[in-house]
Every structure is written in structure tokens, then in C-alpha cells.
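With the working numbering, letter number 69 in the sequence shown gets 104, and the count goes up by one each step, no holes. For each residue, glycine too, the CB sits at the ideal point set by N, CA and C.
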Amino acid sequence: MFQFSQLKGEYRIENKKITFFSEVSFEVRSPEPLLIRLLGEGIWNKGVTFGNHVYTDVDLELYDYTVEERQLLIRMKSPVTVYATDLKSEKTWYFSPDEEPFCKMINDNFYRKYQAYYGIAPTSGIQLGICENSMPKKLVTRYKGTFITAWYGTYKLSGERKYLDFLYQTGLGAKNAQGFGMFEIL
């Protein structure tokens, strides 16, 4: 299990292409230290391939951060998404933070991820709420030909400390390995 942030840096969009003018950075997190170590070694030894270009002038920083609180104020670094798919019609519905299923599906997703990683179910859930005076920002993007609706924003996240730490490492909601659900703690 892993997640990654969007690319950060100064850029311009022209003719449906993004051109960066400065340093470009991104963040990768995982609850699995071996994965992070191997990824770091691979980047250090072989660089990063982006498009048809290999970048070898790479700075690498490794952090070991642990969430110590039971209540967090978070901001999405990459948008969070949750969805349901009707198996008969194969139609997919994406939910917004102000819809009732959103928080339930975030919690259900947490349960599945935690159980898949540790082999045991968590003993309690997590709670997610929109912060007052904060309006989530919708993003619709296309990934491998499929449109995905996701949300930036500032949220309140609470639960057992070890569960919040797990989510900090793995991401919130669905499609974390596709670049969704990374948050920062404010």
C-alpha cells in the first residue's frame, strides 16, 4: 500500500501540456518501510522517469513521521474520492463531502484497507467532517480513460491515534495508489 502527492512546482499549461520552470517535488508515503526504502534506492540509483525523459539530478529526503493525536485538522494535498459502482449497469457514482454516503464510505474504505494490511479489523472507526467556513473544491479528472470526481478541502479527522497514523501513511478514501487521498496535518 502506498500513496503519492501531485507534482509541486512552478508550471505553465500550453496546448494541453504542462511545463515546469522550477524544481519539481512530490511525496510518497506507505506504512511499509521496506517499500519506501526500495523506492528511495531506486530513485537514488536510477533517477525518475517522467514521460520520455529520465531525471537523475534528484534530491531525496526521507521522513519518519508518526501521528500522535486523536483529532486532526487536515488539508488534502491530493483530492479525496469515494464512489459506488452498480454491478448490473456498471455505472459509477462519486459522492461529495456534503452527501451522507461520503463519510460512511471513507470509514468503510478505512476498514477494508486496515484489515487488508494487518489481517484484523479495526476495533473502531474514524470520523471525517468538513471544517466550518471551508468549502470543498471539486476536481474532475481523467485517469486511464475514466472520469473521476474528487475533492480538495480542509476537514476534521478523528479516531484512534494508530488509525489516523495508518491513514496518514496510506491515504484517505479510494484510489490512493493512483494519486488520490493524501493529506497534510495543519
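- For Lys210, the number of other beta carbons within 10 angstroms of its own is at least 16, and it is reported as buried.
- The continuous stretches of beta strand (DSSP E) do not include Lys51, and DSSP gives it neither H nor E.
- With contacts defined by Cβ atoms closer than 8 Å, Gln41 and Arg64 do not form a contacting pair.
- Inter-residue distance for Gly216 and Ile109 is about 11 Å (C-alpha atoms, whole angstroms).
- For Gln106, no alpha helix (DSSP H) run applies; the uninterrupted beta strand (DSSP E) run containing it begins and ends at Gln106 to Met111, by DSSP.
- Under the rule that a run must span 3 or more residues, the beta strand (DSSP E) segments found entirely inside the region 156-218 read 162-165, 172-178, 181-187 and 189-193.
- Ranked by Cα distance from Val175, the first of Ser131, Ala151 and Gln162 is Ser131.
- With respect to Phe56, Glu45 sits close: the two C-beta atoms are nearer than 8 Å.
- Inter-residue distance for Leu192 and Met140 is about 14 Å (C-alpha atoms, whole angstroms).
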